[in-house]
Amino acid sequence: MDALSTLPAGVTAIALGDQGLRGWQIATPVCRAVLSQQGAQVLEFQAAGKPPLLWQSPQATRQPGKAIRGGIPICFPWFGPHPTDAGKPAHGFARQRDWALANARQTPDALLVELTLAADDTTRELWPHDFLASLRISFGSRLALQLSVANTGTTPFRFAFAFHSYFPLADSSRACVYGLEDSVCIDQLAQDRTRSRQTGAVRFSGETDRIFLQTAGECRLVDELRNQAVLLSAPDCHSVIAWNPGPDKTARLVDMPPDAWRTMACIESGNVEDDAPELPPGAKQTFTLVLEQ
Ligand code: TA6
Numbered sequence: 032m033d034a035l036s037t038l039p040a041g042v043t044a045i046a047l048g049d050q051g052l053r054g055w056q057i058a059t060p061v062c063r064a065v066l067s068q069q070g071a072q073v074l075e076f077q078a079a080g081k082p083p084l085l086w087q088s089p090q091a092t093r094q095p096g097k098a099i100r101g102g103i104p105i106c107f108p109w110f111g112p113h114p115t116d117a118g119k120p121a122h123g124f125a126r127q128r129d130w131a132l133a134n135a136r137q138t139p140d141a142l143l144v145e146l147t148l149a150a151d152d153t154t155r156e157l158w159p160h161d162f163l164a165s166l167r168i169s170f171g172s173r174l175a176l177q178l179s180v181a182n183t184g185t186t187p188f189r190f191a192f193a194f195h196s197y198f199p200l201a202d203s204s205r206a207c208v209y210g211l212e213d214s215v216c217i218d219q220l221a222q223d224r225t226r227s228r229q230t231g232a233v234r235f236s237g238e239t240d241r242i243f244l245q246t247a248g249e250c251r252l253v254d255e256l257r258n259q260a261v262l263l264s265a266p267d268c269h270s271v272i273a274w275n276p277g278p279d280k281t282a283r284l285v286d287m288p289p290d291a292w293r294t295m296a297c298i299e300s301g302n303v304e305d306d307a308p309e310l311p312p313g314a315k316q317t318f319t320l321v322l323e324q
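Quick note on this note's numbering: the sequence shown kicks off at 32 and runs consecutively.
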């Protein structure tokens with residue numbers, strides 16, 4: 032745990048589980064949240080007067096180095112399985128490592144927290160580039176995340192990332208996503224990963240794993256049973272991934288109860304596949320996600 036000289040009121044350092052994971056409990060007049068130092072991962076967020084925004088598996092691990100199932104994992108510097116080495120961690124290494132707490136301060140509207148992750152010998156073994164990643168999180172009446180990636184090396188690199196957000200649903204079969212119409216859709220479950228143009232809203236019937244490219248940067252997840260919605264605004268993110276594991280895949284996930292697929296879905300804003308950016312030496316790019324209920 033990086034000790035800032037003092038934490039602002041409303042921020043308390045906490046243990047997450049009993050295997051050494053650390054994080055912070057956030058309680059302000061406008062929201063409550065839990066943030067894990069591992070992965071700079073928002074695990075919980077609830078704005079005053081609103082339902083919980085995020086879903087977390089009741090069986091989520093609290094083991095150092097193991098991804099935590101829920102909240103908003105940060106997939107970086109690649110998305111999904113490593114393109115050439117299956118031995119490397121899925122979704123990159125950012126979600127498995129402690130990020131350094133760089134700043135935490137209260138503003139009139141929100142508590143702002145910044146964490147950073149810099150390249151080191153161990154990351155270079157997995158990904159041979161020098162980078163500095165920073166995640167700025169605004170805990171206010173809504174949740175906003177801003178990921179910046181800087182190329183601190185001497186050669187360009189291409190990276191992919193996603194805010195892998197888990198959302199609760201009353202019934203995943205009675206939910207849908209608007210705003211992805213006309214985007215290019217890659218069905219990850221199809222052998223040949225066929226591409227098509229999305230027509231109409233995206234729905235979840237059993238296992239669903241679709242990458243949408245060239246999106247408009249804004250979409251809305253609607254829980255039809257509860258008549259509630261989450262608006263995802265991510266103007267710098269051109270990809271959205273919609274995932275529900277369905278019953279069979281869920282049965283293979285040790286950190287998810289067997290019926291968990293019925294009450295959650297992931298809507299992940301990022302830049303992957305064709306949308307993955309290339310960063311020249313010395314350059315920095317910033318990507319914002321705002322979640323509104
Ligand atoms: O969200 C899309 C996806 O790539 C799915 O294929 C599934 O693997 C999911 O991410 C979860 O990945 P994880 O490594 O967290 O189990």
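Beta carbons: idealized from backbone N, C-alpha and C, even for Gly.
- Pro288 and Gln87 have their alpha carbons spaced roughly 11 angstroms apart.
- Annotation: the stretch 226-307 contains the following complete segments of the beta strand (DSSP E) (minimum length 3 residues), in chain order: 226-228, 239-244, 249-254, 259-264, 270-275, 295-302.
- By the CB criterion at 9 angstroms, Val233 and Leu211 fall inside the cutoff.
- Within the chosen limit of 8 angstroms, the ligand TA6 reaches the beta carbon of Asp240 through at least one heavy atom.
- Fully contained in the stretch 43-117 are the following beta strand (DSSP E) runs of length 3 or more, in chain order: 52-58, 62-67, 72-78.
- In the DSSP assignment, Glu323 falls within the unbroken beta strand (DSSP E) covering 315-323.
- Counting C-beta pairs closer than 8 angstroms gives fewer than three between the stretch 164-175 and the stretch 205-224, which falls short of the contact rule.
- When the beta-carbon positions are compared, Leu176 and Phe192 stay at least 9 angstroms from each other.
- Pairing Ala117 with Pro139, the inter-Cα distance amounts to about 46 angstroms.
- The Cβ-Cβ distance between Ala265 and Arg251 does not fall below 9 angstroms.
- Distance from the C-beta of Phe110 to the nearest heavy atom of the ligand TA6 is below 8 angstroms.
- Here the C-alpha atom of Phe194 lies approximately 19 angstroms from the C-alpha atom of Val253.
- Distance between His113 and Arg126, taken at the CA atoms: about 14 angstroms.
- Secondary-structure assignment with DSSP links Gln222 through no beta bridge to anything.
- Under the DSSP assignment, Glu156 falls in the alpha helix (DSSP H) whose first and last residues are 152-157.
- Cβ neighbours of Pro83 within its own chain (closer than 8 angstroms, five residues either side excluded): Glu75, Phe76, Gln77, Pro199.
- Nearest to Leu52 by C-alpha distance, out of Ile103, Ala98, Ala307, is Ala98.
- Counted as a single uninterrupted DSSP element, the beta strand (DSSP E) harbouring Ala149 occupies residues 142-149.
- Looking at the backbone, the Cα of Cys62 and that of Gly102 are separated by about 15 angstroms.
- In the structure shown, Ser179 falls within a strand segment according to DSSP collapsed to helix, strand and coil.
- Residue environment: Glu309 is assigned as exposed (fewer than 16 neighbouring CB atoms within 10 Å of its CB, all protein chains considered).
- When Arg155, Phe318, Ala58, Ala307 are compared, the shortest CA-CA separation from Phe243 is found for Ala307.
- Proximity of the beta carbon of Arg100 to the ligand TA6 is indicated: a heavy atom of the ligand is located closer than 8 angstroms.
- Put simply, the stretch 148-160 does not touch the stretch 274-293. Fewer than three CB pairs are less than 8 angstroms apart.
- For Pro199, the enclosing beta strand (DSSP E) has its first and last residue at 192-199.
- Note on Asn275: 16 or more other CB atoms within 10 angstroms of its CB, so buried under the neighbour-count rule.
- Taking the Cβ atoms as the reference, Val42 lies roughly 6 angstroms from Ala135, within the contact range of under 8 angstroms.
- According to the DSSP assignment, Phe124 belongs to no beta strand (DSSP E), since it is labelled neither H nor E.
- For the ligand TA6, no non-hydrogen atom lies closer than 8 angstroms to the CB of Cys250.
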